[in-house]
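> The structure that follows is given in the form of structure tokens.
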Amino acid sequence: MTRAIVRLSKEGVLVREERSGTFIDGRSAPRNSVGKPLTTIGIIMPWLSQASGNGAGDIVPASRPSVRSHVPFGKESLSLQVAHGAFAAIKEANCHIVLHSNGTPEEESEALEQLINEGVDGVISMPDFSRRNARGYRALISSGIPVVLIDHYYPDVETDYVVTDNFAATRDAVRQLISQGHKRIAYFADFEDVTSIAEREAGYRAALEEAGIPYDEDIVRGPEMTREHKFAYDLALEHCRSSAEPITAVFCLNDDVLLATMFAASKLSISVPGDLEVAGFYDDVPDVMPTPFTRVVQQKTAIGNAAARILIGRILGTAPAQPEHIVLPAEIVPRG
């Protein structure tokens with residue numbers, strides 16, 4: 003069982019029934035005269051998995067390791083909180099749920115095929131960063147199964163989605179760094195071809211442009227891969243700090259990039275925030291815990307809840323004819 007599922011089970015959010023499946027705690031899924039759940043919702047998220055061949059209803063880790071398993075922190079944290087929000091809405095509808103993990107594009111492709119065969123009534127998914135499975139989502143929708151995407155979406159797939167206002171959140175966080183007097187602000191990212199990443203870079207560029215600060219691609223850096231197959235930003239940080247105009251601040255794409263940047267700063271004996279101001283998307287630290295960096299915090303629970311309510315509306319036939327696109331603001335939490 004994955005850590006996310008273990009935690010949800012311990013908290014009483016999920017229960018498992020032998021040969022029946024996984025349910026929201028408090029009540030089992032309603033059944034018709036032949037014992038089949040009336041409504042079944044499929045959920046695809048990183049580090050969530052439904053058993054295959056080990057007895058119905060068992061939750062097991064993904065069948066093979068993720069190619070991105072070297073940076074699981076941010077995705078698992080996001081999945082857990084989004085799941086909490088989704089389950090709260092699903093509980094009201096007494097639904098049966100089927101969980102699938104998408105640790106790899108191949109695993110996601112298999113999950114999409116299985117969900118059609120499992121007779122689900124709708125699907126909530128945090129899609130993999132690869133666009134190669136867009137066809138699988140279109141196949142689900144074409145078969146009459148509504149899909150709600152979260153975190154990011156495929157522009158060429160006509161479906162509902164719930165995402166963070168990545169552009170405005172990044173722009174506002176970089177604006178804050180600029181207001182503190184920083185003019186050399188690096189942007190550390192993991193350059194994948196997905197909407198959320200593109201929106202965050204656009205927000206970074208917009209904040210610089212409105213402040214009259216030239217965009218410098220030399221301080222927009224991606225990670226290097228270590229021998230242990232982990233992301234690192236040691237070379238990126240060293241390069242940006244040793245240039246003729248060294249950076250004084252850095253904005254980080256997500257939790258994993260921010261953590262790797264903090265590790266790099268520690269290895270290079272760079273004090274944060276004394277020598278370097280750090281800001282970025284970081285969702286997991288409790289508000290009562292002081293941090294040496296500025297956090298951009300997403301409304302994870304609200305994202306999951308909104309996605310589930312949209313999907314239930316689609317299943318019940320009460321949703322608008324056109325796809326719903328919900329964009330939620332993020333909160334800027336100053337360091338300390």
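Numbered per this note's numbering, the sequence shown finishes at 338, counting up by one with no gaps. Ideal Cβ positions, reconstructed from N, Cα and C, are used throughout, including at glycine.
Answer with buried or exposed for residue 139, where buried requires no fewer than 16 other C-beta atoms within 10 angstroms of its C-beta.
If you number the sequence shown from 1, residue 139 lands on position 137. With 16 or more Cβ atoms within 10 Å of its Cβ, residue 139 is classed as buried.
> Could you round the C-beta distance between residue 250 and residue 123 to whole angstroms and report it? I think they count as a contact, below 8 angstroms.
Locating residue 250 in the sequence shown gives position 248, counting from the first residue. Locating residue 123 in the sequence shown gives position 121, counting from the first residue. Wrong, their Cβ atoms sit about 53 angstroms apart, outside the cutoff.
> Taking 8 angstroms as the threshold, find out whether the stretch 205-219 comes into contact with the stretch 168-185 through three or more Cβ pairs.
Yes, since at least three Cβ pairs between the stretch 205-219 and the stretch 168-185 fall closer than 8 angstroms, the two stretches touch.
> Return the CA-CA distance between residue 269 and residue 244, expressed in angstroms with no decimal places.
Along the sequence shown, read from residue 1 onward, the residue named residue 269 stands at position 267. Along the sequence shown, read from residue 1 onward, the residue named residue 244 stands at position 242. Rounded to the nearest angstrom, the two C-alpha atoms are 15 angstroms apart.
> Buried or exposed: where does residue 66 fall if 16 or more other Cβ atoms within 10 Å of its Cβ makes it buried?
By one-based count along the sequence shown, residue 66 stands at place 64. Note that residue 66 has pLDDT 27, beneath the 50 cutoff, so the model's placement of it is unreliable and the number below is only indicative. With fewer than 16 other Cβ atoms within 10 Å, it is exposed.
> Pick helix, strand or coil for residue 31, following the three-state DSSP scheme.
Locating residue 31 in the sequence shown gives position 29, counting from the first residue. Confidence at residue 31 is low in this model, with a pLDDT of 42, below 50, so its placement is unreliable and no value can be given for it.
> Here's the rule: buried if 16 or more other CB atoms are within 10 angstroms of the residue's CB, otherwise exposed. What is residue 300?
Position 298 of the sequence shown, counted from the first residue, corresponds to residue 300. Result: buried.
> Let me confirm a value: residue 28 is counted as buried when at least 16 other C-beta atoms fall within 10 Å, else exposed. Which label applies?
To locate residue 28, count along the sequence shown from 1; it is residue 26. Only weak support exists for where residue 28 lies, its pLDDT of 42 falling under 50; the value from the coordinates is given anyway. Its Cβ having fewer than 16 others within 10 Å, residue 28 is exposed.
> With DSSP as the reference, label residue 128 as helix, strand or coil.
Position 126 of the sequence shown holds residue 128. Residue state, collapsed to three classes: coil.
> What does DSSP give as the partner residue(s) for residue 47 in the beta ladder?
Position 45 of the sequence shown, counted from the first residue, corresponds to residue 47. Beta-bridge pairing links residue 47 to 103.
> If you draw a straight line from the alpha carbon of residue 312 to that of residue 162, how long is it in whole angstroms?
In the sequence shown, counting from the first residue as 1, residue 312 sits at position 310. In the sequence shown, counting from the first residue as 1, residue 162 sits at position 160. Cα to Cα, the separation comes out at about 8 angstroms.
> Counting only C-beta atoms, is residue 45 closer than 9 angstroms to chain B at any point?
The structure shown has no chain B; it contains just one protein chain.
> Opposite residue 227 in the DSSP bridges: which residues?
As a working mapping, residue 227 is identified with position 225 in the sequence shown. In the DSSP output, where bridge partners are listed per residue, residue 227 has 233.
> Opposite residue 296 in the DSSP bridges: which residues?
As a first step, residue 296 must be located in the sequence shown, where it is residue number 294. Paired residues: 281.
> Measure the alpha-carbon distance for residue 287 versus residue 338 and round it to whole angstroms.
What you label residue 287 is simply residue 285 of the sequence shown in a count that begins at 1. What you label residue 338 is simply residue 336 of the sequence shown in a count that begins at 1. Whole-angstrom Cα-Cα distance: 12 angstroms.
> If you draw a straight line from the C-alpha of residue 216 to the C-alpha of residue 324, how long is it?
Locating residue 216 in the sequence shown gives position 214, counting from the first residue. Locating residue 324 in the sequence shown gives position 322, counting from the first residue. Rounded to whole angstroms, residue 216 to residue 324 spans 40 angstroms at the Cα level.
> Quick check on DSSP: helix, strand or coil for residue 166?
Residue numbering aside, residue 166 sits at position 164 when the sequence shown is read from its first letter. In the structure shown, residue 166 sits in a strand (DSSP, three-state: E or B).
> Measuring CB atoms only, is the stretch 115-135 touching the stretch 88-105, in the sense that at least three cross pairs come out at less than 8 angstroms?
Yes, the stretch 115-135 is in contact with the stretch 88-105.
> To which residues does DSSP link residue 152 through a beta bridge?
As a working mapping, residue 152 is identified with position 150 in the sequence shown. The partner list for residue 152 (beta bridge, DSSP) reads 164.
> Excluding the 5 residues preceding and the 5 following residue 274 in the sequence, name in chain order all residues of the same chain whose CB lies nearer than 7 angstroms to its CB.
Translated into the one-based positions of the sequence shown, residue 274 becomes position 272. So the qualifying residues of the chain are 264, 267, 280, 294, 295.
> Roughly how many whole angstroms lie between the Cα atoms of residue 90 and residue 319?
Reading the sequence shown from its first residue, position 88 is the one you call residue 90. Reading the sequence shown from its first residue, position 317 is the one you call residue 319. So the two alpha carbons sit approximately 20 angstroms from each other.
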